[in-house]
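Here is the structure we will look at, set down as structure tokens.
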Amino acid sequence: MSAPEYAIESPRSRVQETLDFIVELVKIVAICASFLIVVRWFLFQPFIVKGSSMEPNFYNDEYLIIYELSYHFPKVFKVFSEDNRGRVLIVHPPTDPKEFYIKRLIGLPGERVRIYDGRVTIYNDTHPDGLMLDESYLPYGLQTFPGNSEEVTLGLDEIYVLGDNRGASLDSRRIGPIPVKNVIGEPVIRGWPLQRIGFISR
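Going left to right, the sequence shown walks through residues 1297 to 1498 as this note's numbering numbers them.
Written out as structure tokens, the structure reads:
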């Protein structure tokens, strides 16, 4: 009676299995890294509020998640339309493209913005006689530019932004209109502080 035969695995096959495992692992890591890069650079990015210009709606050191995709293709997604007026945006000021400001969208491309007697009025094709904004997101009784007036006509590639804390905000009243290309995105999630975590309503 012959002795049973046993398959003997060669060292080379074990090395090959290890190499195959490493190759597959590298593929998985590369795919995950590519996905994260796309998410980070085209979809979402973190933002930390600095200053008091958007109080009482956003406070200093709050951690936000910014949605970006639509703002890479503004004409496709029509992000600068009447429906989006009043939306909060993250922008680069024209005076310093390395800085990030959080402000509220007030004037749309091609419109005329007038600030008088503490109120903001918009002039466009739909409202040739002017539309006085009902800014319910502001603290009760807060006025815009009290004692001062301003009127500016926006280019077709410009928007007008203001901070909610009108008395302590560096915005379009000081730095002028914001080029559309300088808009980064809009905050969609508040991640800090704990008591204010949640989705940000538009």
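Here a beta-carbon is modelled for each residue, glycine too, at the ideal position from N, C-alpha and C.
Cα separation between residue 1489 and residue 1405? Working through the sequence shown from its first residue, we reach residue 1489 at position 193. Working through the sequence shown from its first residue, we reach residue 1405 at position 109. Taking the straight line joining both Cα atoms gives about 35 angstroms.
Any C-beta of chain C under 8 angstroms from that of residue 1436: No chain C is part of this structure, which consists of one protein chain only.
Does the beta-carbon distance from residue 1500 to residue 1441 come in below 8 angstroms? Any question about residue 1500 goes unanswered here, given that the chain covers just 1297 to 1498.
Among 1340, 1344, 1374, 1435, which one has its Cα closest to the Cα of residue 1397? For the purposes of this step, residue 1397 is identified with residue 101 of the sequence shown, where counting begins at 1. Out of 1340, 1344, 1374, 1435, 1344 has the C-alpha closest to the C-alpha of residue 1397.
Minimum C-alpha distance to residue 1465 - residue among 1329, 1328, 1348: As a first step, residue 1465 is located in the sequence shown; it is residue number 169 there, counting from the start. In terms of CA proximity to residue 1465, 1348 leads the group 1329, 1328, 1348.
Residue 1371 - containing alpha helix (DSSP H), residue span: Residue numbering aside, residue 1371 sits at position 75 when the sequence shown is read from its first letter. Residues 1370–1373.
For the beta strand (DSSP E) that contains residue 1496, what are its first and last residues? As a first step, residue 1496 must be located in the sequence shown, where it is residue number 200. Element bounds for residue 1496: n/a, residue is neither H nor E.
Assuming residue 1474 and residue 1457 are in contact, meaning their beta carbons sit under 8 angstroms apart, how far apart are those beta carbons, in whole angstroms? Here residue 1474 refers to the residue found at position 178 of the sequence shown. Here residue 1457 refers to the residue found at position 161 of the sequence shown. Right, the Cβ-Cβ distance comes to about 6 angstroms (below 8 angstroms), so this counts as a contact.
How long is the line joining the alpha carbons of residue 1491 and residue 1391, rounded to whole angstroms? Residue numbering aside, residue 1491 sits at position 195 when the sequence shown is read from its first letter. Residue numbering aside, residue 1391 sits at position 95 when the sequence shown is read from its first letter. Distance between the alpha carbons of residue 1491 and residue 1391: 35 angstroms.
Write down the C-beta distance between residue 1460 and residue 1433 rounded to the nearest angstrom, noting that I regard them as a contact closer than 8 angstroms. Stepping through the sequence shown from its first residue, residue 1460 is reached at position 164. Stepping through the sequence shown from its first residue, residue 1433 is reached at position 137. Residue 1460 to residue 1433, Cβ: 6 angstroms. Contact.
Taking the C-alpha atoms as reference points, what is the distance between residue 1357 and residue 1486? Within the sequence shown, the letter at position 61 stands for residue 1357. Within the sequence shown, the letter at position 190 stands for residue 1486. C-alpha of residue 1357 to C-alpha of residue 1486: approximately 11 angstroms in a straight line.
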